[in-house]
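Respectively, the protein sequence lines represent chains A and B. Just so we're aligned: the first sequence equals residues 489 to 573 in this note's numbering. Just so we're aligned: the second sequence equals residues 644 to 1038 in this note's numbering. Glycine included, each C-beta is placed from N, C-alpha and C at the ideal position. This structure is a prediction, so every number in the text was calculated from the model and none was measured.
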Amino acid sequence: MSETDYDQIVQLLCDRLTSLSKVPEVSIAPETNLITQLSIDSIKLLNLIMEIEDTFDISIPINALTDIQTVGELAALVHKIKSAA
Amino acid sequence: MNLLEKLDAAATARKSLLPDGVSAFGIPIEEVYSATEARIGDRRVLLLGTNNYLGLTFAPECIQAAHQAIDKEGTGTTGSRMANGSYFGHRALEKEFADFYQCSNGIVFTTGYQANLGTISGLVGPGDTVLIDGDSHASIYDGCILSGADIVRFKHNDAADMEKRLRRLGNRVETTLIIAEGIYSMLGDQAPLAEIIKIKKQYGCILLLDEAHSLGVLGETGQGLVEKTGLLNEVDFITGTFSKSLCSIGGFCVSNHPQLEQLRYVSHPYIFTASPSPATIASTRAALELLRKGSHLREQLWKNCTQLYTQLKQTGYQLGPDPGPVIAAILETPQQALLMWKSLLEHNIYVNLILPPAAPEGKSLVRCSVNAAHTSEQIQYVGDTFAKLYDLVRA
């Protein structure tokens, strides 16, 4: 999977998170923190993961999210799983 | 932000939803008068927010059994099932649950929460996968986390979505545990068990069904969804709780897989806690007996459920898809739900308030739990009060 794929994943996440965020004034970038900056609650995040799974036809175990803090880290996780699939 | 400041932040968020000193969560019940009435503050209230589905909390048979057990065996076992905490009653109750479900094996846990924690974490581990309904109870989520297995969610009650996620697992389906619930606690809807079983057989997975809210409620003898659907023999493991229709505290798992017995040696939530008290076991045994021959209680319960569900639906409330003992009015905002909850209490009706993210789809719930001991007049009063308050939440 190329770097472009990673960038596309980041873009997709940014688009979806913009509509889910409780803090519309925050401009979403790879370094944006999902919890502290966007206030995404746990259920919304889990539902977003299901959407991503469907978009890329992959499985993302929710326990893999434990160390994920930022948009970029989530994109990297999706990228890694997608590349291994 | 340090550890204590994190809790302060949570308290601030909670206060923003619960102003004016209202205490919807953990409200003190000052006195309990019966299976349907209690005192909260100065009010004698109608209890519509308990899980006492068969109304057995004051059943003389259960109370007498508990008294006798205390007199004979004392107040507690003071030890684990693994050590000194397995009395005759604990073993007898396990056998009675196994017999009830026509299974070869049964295990009793100290709470229903631990039944799920102990069973799930005993069955799967790192490298395995659990495929769970998105609206699963916290005990299922926590059991999965404790296990170290990979956790994949499927859309609530959507068997096609479950199949899609199962397919993506490839060879890992061989070590995948599917988990569903007989009745879901938020909206009171029932799992599409026949569809789930068809898929689990196709992929060769193991299925665990939690009958916590459906035990005593569904099926001719009260086994739950497995009995209502005639699919008892197709489910690998059944868990449940004593704290709803059995009116005590504790939990169980039954199975025809002999490997269930090994959980006693690998399941920390079974091993590292004290066993249920003798009185708890005795009252549960008596309640299980009443539950098994309680078709008249189920008949009354369903009459009450249908009466309230129909009236709320006719009034215009948005409800869960299935009538049942859990009847939740789905409201758009936490503020609406809080206002409704407070207004019901001012009309001497206690219900449960459920706010996001605990409620599905970001909605808020005012949840009623109906029981067999409610009279038709009490149910009518609740329905009439909801109708009177409908303008508070009209869209």
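For valine 816 of chain B, would you say it is in contact with chain A, using Cβ-to-Cβ distances shorter than 8 Å as the test?
Valine 816 of chain B does not count as touching chain A.
Can you tell me which of A:Ser547, A:Ser571, A:Ile540 and A:Leu553 puts its alpha carbon nearest to the alpha carbon of asparagine 814 of chain B?
When only C-alpha atoms are compared, the closest one is A:Ser547.
Tell me where the alpha helix (DSSP H) around isoleucine 537 of chain A begins and ends.
From DSSP, the alpha helix (DSSP H) with isoleucine 537 of chain A extends over 530-544.
Who are tyrosine 960 of chain B's beta bridge partners in DSSP?
Per DSSP, none; premise fails for tyrosine 960 of chain B.
Look up leucine 553 of chain A in the DSSP assignment and say whether it is helix, strand or coil.
Three-state DSSP puts leucine 553 of chain A in a helix.
Are the C-beta atoms of proline 549 of chain A and some chain B residue less than 8 Å apart?
At least one chain B Cβ lies under 8 Å of proline 549 of chain A.
Do leucine 944 of chain B and valine 869 of chain B have their beta-carbon atoms positioned less than 8 Å apart in this structure?
No. Outside cutoff.
Can you check whether the CB of proline 921 of chain B is closer than 8 Å to the CB of threonine 753 of chain B?
No.
Against chain B, with Cβ distances strictly below 8 Å, would leucine 471 of chain A count as a contact?
Chain A is shown only over 489 to 573; residue 471 of chain A falls outside these bounds and no answer can be derived.
Using a Cβ-Cβ cut-off of 8 Å, state whether leucine 812 of chain B counts as contacting chain A.
With 8 Å as the cut-off, leucine 812 of chain B counts as an interface residue toward chain A.
Confirm, please, whether the CB-CB distance from threonine 949 of chain B to proline 966 of chain B is below 8 Å.
In this structure, threonine 949 of chain B lies closer than 8 Å to proline 966 of chain B by Cβ.
Using a cut-off of 7 Å between C-beta atoms, extract the partners of isoleucine 531 of chain A located in chain C.
Looking at the structure shown, chain C is missing, and the protein chains on hand are A and B.
With 16 other CB atoms within 10 Å as the buried threshold, where does proline 968 of chain B fall?
By the 10 Å Cβ count, proline 968 of chain B comes out buried.
So with Cβ pairs under 8 Å, would you call arginine 1010 of chain B a contact of chain A?
No - not a single Cβ of chain A is within 8 Å of the one on arginine 1010 of chain B.
Hey, quick one: how far does the alpha helix (DSSP H) through isoleucine 840 of chain B stretch, first residue to last?
836-846 is the span of the alpha helix (DSSP H), which, as asked, contains isoleucine 840 of chain B.
Just mark arginine 808 of chain B as buried or exposed, buried being the case when its beta carbon has 16 or more other beta carbons within 10 Å.
Looking at its Cβ environment, which holds 16 or more other Cβ atoms inside 10 Å, arginine 808 of chain B is buried.
Taking only beta-carbon positions, decide if isoleucine 546 of chain A is within less than 8 Å of chain B.
True, the Cβ-Cβ gap to chain B drops below 8 Å.
How is methionine 489 of chain A classed by DSSP in three states: helix, strand or coil?
Low local confidence applies: a pLDDT of 48 at methionine 489 of chain A is under 50, so the model's placement there is unreliable, with the coordinate-based value given in what follows. Methionine 489 of chain A: coil per DSSP, three-state reduction.
With a cut-off of 8 Å on the beta carbons, I'd call cysteine 848 of chain B and threonine 819 of chain B a contact; round off their distance for me.
That pair is a contact at about 5 Å.
Could you pull out every residue in the same chain whose Cβ sits closer than 6 Å to the Cβ of leucine 836 of chain B, ignoring the five residues on either side in sequence?
These residues qualify, in order along the chain: Leu868, Thr872 and Leu874.
Under 8 Å, do methionine 829 of chain B and alanine 980 of chain B count as touching if we go by C-beta distance?
The answer is no: Cβ separation not under 8 Å.
For arginine 657 of chain B, decide whether its Cβ has a neighbour in chain A, counting only Cβ atoms nearer than 8 Å.
For arginine 657 of chain B, the answer is no, since every Cβ of chain A falls outside 8 Å of its Cβ.
So which residues on chain A does lysine 600 of chain B lean against when the C-beta distance must stay under 8 Å?
Examination of residue 600 of chain B is not possible in this model, given that chain B is present from 644 through 1038 alone.
Considering only residues of the same chain and omitting the five flanking positions on each side of methionine 489 of chain A, which have a CB-CB separation below 8 Å?
Residue placement at methionine 489 of chain A is poorly supported in this model, since its pLDDT is 48, which falls under 50; the coordinates still yield a value, given next. Same-chain partners within the cutoff: His567, Lys570 and Ser571.
Considering only residues of the same chain and omitting the five flanking positions on each side of threonine 772 of chain B, which have a CB-CB separation below 7 Å?
Result list for threonine 772 of chain B: Ala792, Asp793, Val795, Leu812, Arg815, Thr818 and Thr819, in chain order.
Is any beta-carbon of chain A found at less than 8 Å from that of isoleucine 788 of chain B?
So yes, isoleucine 788 of chain B belongs to the interface.
For the alpha helix (DSSP H) holding glycine 732 of chain B, just list the boundary residues, first then last.
731-743 is the extent of the alpha helix (DSSP H) around glycine 732 of chain B.
Tell me arginine 810 of chain B's beta-bridge partners as DSSP assigns them.
Its beta-bridge partners do not exist; DSSP assigns none.
Strictly by DSSP, which residues pair up with glutamate 824 of chain B?
DSSP, once it has assigned bridges, lists B:Asp853 as partnering glutamate 824 of chain B.
Short of 6 Å in beta carbon distance, which residues of its chain neighbour alanine 1030 of chain B, apart from the five on each side in sequence? Order them along the chain.
Correct list, in chain order: Thr958.
From B:Glu648, B:His856 and B:Gln905, pick the residue whose C-alpha is nearest to that of isoleucine 970 of chain B; which is it?
Nearest of B:Glu648, B:His856 and B:Gln905 to isoleucine 970 of chain B, Cα basis: B:His856.
Would aspartate 793 of chain B count as contacting chain A if we go by Cβ distances under 8 Å?
With 8 Å as the cut-off, aspartate 793 of chain B counts as an interface residue toward chain A.
Could you give the C-beta distance for arginine 585 of chain B and isoleucine 750 of chain B, rounded to a whole number, given that I count them as a contact under 8 Å?
Since the displayed chain B opens at 644 and closes at 1038, residue 585 of chain B lies outside it and no answer follows.
Anything in chain A within Cβ reach of arginine 808 of chain B, meaning under 8 Å, just list it in chain order.
Simply Glu541 and Ser547.
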